[in-house]
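Whatever position you read off the sequence shown (first residue = 1), add 8 for the working numbering.
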Amino acid sequence: MTSINNKTVWITGASSGIGEALSYELNKKGCKLILSSRKTEALKRVKNSCQYPDAVKILPLDITQYNLMPSKAKEAIAAFGTVDILINNAGISQRSYIIDTDFDVYKKLVDINYLGTVALTKAILPYFIEQQQGHFATVTSLMGKFGSPIRSGYCGSKHALHGFFDVLRMEHEKDHIKVTLVAPGFVQTNIAKNALVGDGSARGHEDDDNANGLTTTDFASKMIKAIEKEKFEAYMGGKEVLGIYLKRFFPKLLHRIVLRNTGKR
9 MTSINNKTVW ITGASSGIGE ALSYELNKKG CKLILSSRKT EALKRVKNSC QYPDAVKILP
69 LDITQYNLMP SKAKEAIAAF GTVDILINNA GISQRSYIID TDFDVYKKLV DINYLGTVAL
129 TKAILPYFIE QQQGHFATVT SLMGKFGSPI RSGYCGSKHA LHGFFDVLRM EHEKDHIKVT
189 LVAPGFVQTN IAKNALVGDG SARGHEDDDN ANGLTTTDFA SKMIKAIEKE KFEAYMGGKE
249 VLGIYLKRFF PKLLHRIVLR NTGKR
């Protein structure tokens, strides 16, 4: 087990939710932080709410501006002289049936959840190779392991992350680069409220499942432990985590359970 204390950590999607909670928990552990999202003012709020704000740098970032990722990686490295861990947390969800979903919604989900993450990962990968150490910790979802109605594009983009990072781990183990995929279930964030509906607008209201899920602080604590243990994958949530094992051993049973539960909403 490797301690995360005093590491330099770059977090995307750091202006709210899981990213914000990770910022507070890592800051307490003496980590130097680079916080990124599109929302500069929100990032300033998170920085000023940290116990040690002087150990926090803000780096505004739009994950869909792929061509800027190499320059953003240079800025991140320059902030403290190195980056030990990149936490790929930026993302967006979806709540709409396939038949009702505009194609542009699927493109946006892939651009943000998958291609943006790949672009940023590729931008910092040469630095990790050069220093012969680095750790990618990517927040995916249980929906990256099995599906659920009204989340088709979200599931697809999260499944893609698992495929990409599994290969990255294999190709760069020789360079002492670690990869941890963290798949949350229901967490108390605004992910459902901000989810895209069929026309690309925000859904505008939360799910009871998320409202009753893990707190962001509890999730952040569990994720940090998974990173320190250098786990390949970690699944976090309540009973919804059982879907991982049902998918593997009893896929038809999972199919019936998911349909039944979806029908209640």
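Virtual Cβ for every residue (Gly too), placed ideally from N, Cα, C.
Which listed residue (the options) has its alpha carbon closest to that of residue i
i      : options                         : result
Lys36  : Asn14, Gly21 and Ile42          : Asn14
Tyr32  : Ser57, Leu189 and Pro68         : Ser57
Lys153 : Tyr253, Lys55 and Arg46         : Tyr253
Thr288 : Met9, Ala22, Ala29 and Val17    : Given a span of 9 to 273 for the chain in the structure shown, any question on residue 288 remains unanswerable.
Ala221 : Ile232, Gly245 and Ala200       : What sits at residue 221 in the sequence shown is Gly, not Ala. Closest option to Gly221, Cα to Cα, is Gly245.
Phe136 : Tyr105, Gly164 and Lys186       : Lys186
Glu138 : Lys115, Leu94 and Thr90         : Thr90
Glu65  : Ser79, Ile120, Gly206 and Ala87 : At residue 65 the sequence reads Lys, which differs from the Glu that was named. Among Ser79, Ile120, Gly206 and Ala87, the Cα nearest to that of Lys65 belongs to Ala87.
Leu94  : Leu204, His167 and Val147       : Val147
Asp5   : Arg256, Ala228 and Asn269       : In the structure as shown, the chain begins at 9 and stops at 273. Residue 5 is therefore absent and cannot be evaluated.
Phe194 : Val249, Lys182 and Phe144       : Val249
Gly206 : Ser24, Leu51 and Asp112         : Asp112
Thr188 : Met9, Gly99 and His143          : His143
Burial state of residue i, where buried means 16 or more other Cβ atoms lie within 10 Å
i      : result
Gln140 : exposed
Leu261 : exposed
Glu179 : exposed
Asn288 : The shown model of the chain, from 9 to 273, leaves out residue 288, and the question about it has no answer.
Tyr122 : buried
Gly212 : exposed
Gly21  : buried
Leu267 : exposed
Pro192 : buried
Met231 : buried
Met151 : buried
Arg264 : exposed
Lys272 : Low per-residue confidence applies at Lys272: pLDDT is 47, beneath 50, and the placement is therefore not dependable, though the value from the model is reported in the following sentence. Flag for Lys272 reads exposed.
Gly171 : exposed
Gln59  : exposed
DSSP three-state assignment for residue i, whether helix, strand or coil
i      : result
Gln102 : strand
Glu138 : helix
Ser45  : coil
Met9   : coil
Ile252 : helix
Ala22  : coil
Lys272 : The predicted model places Lys272 with a pLDDT of 47, which falls under 50 and marks its position as unreliable; any figure quoted below should be read in that light. Three-state DSSP puts Lys272 in coil, outside helix and strand.
Glu179 : helix
Glu28  : helix
Gly89  : coil
Gly155 : coil
Ile107 : helix
Glu238 : coil
Thr72  : coil
Phe258 : coil
Asp112 : helix
Residues that residue i bridges to, as DSSP identifies them
i      : result
Ala145 : Ile95 and Thr188
Thr197 : According to DSSP, which records beta bridges pairwise, Thr197 is partnered with nothing at all.
Ile265 : The partner list for Ile265 (beta bridge, DSSP) is empty, contrary to what the question assumes.
Ala84  : Per DSSP, none; premise fails for Ala84.
Leu40  : At residue 40 the sequence reads Lys, which differs from the Leu that was named. Paired residues: Thr16.
Ile66  : Leu43
Ala210 : Leu204
Met244 : Pro192
Leu222 : Val195
Within-8 Å CB hit, residue i to chain B
i      : result
Asn220 : Among the chains in the structure shown there is no chain B, since it carries only a single protein chain.
Cβ-Cβ separation, residue j to residue i (assumed contact under 8 Å), whole Å
i      : j      : result
Glu236 : Ser11  : 6 Å
Ser160 : Ile199 : With a Cβ gap of about 16 Å, Ser160 and Ile199 do not count as contacting.
Leu128 : Met77  : 5 Å
Val17  : Leu34  : 6 Å
Ser44  : Leu69  : 4 Å
Leu19  : Ala84  : Before going further, note that residue 19 is Ile rather than Leu in the sequence given. At roughly 10 Å, the Cβ-Cβ gap does not stay under 8 Å, so Ile19 and Ala84 are not in contact.
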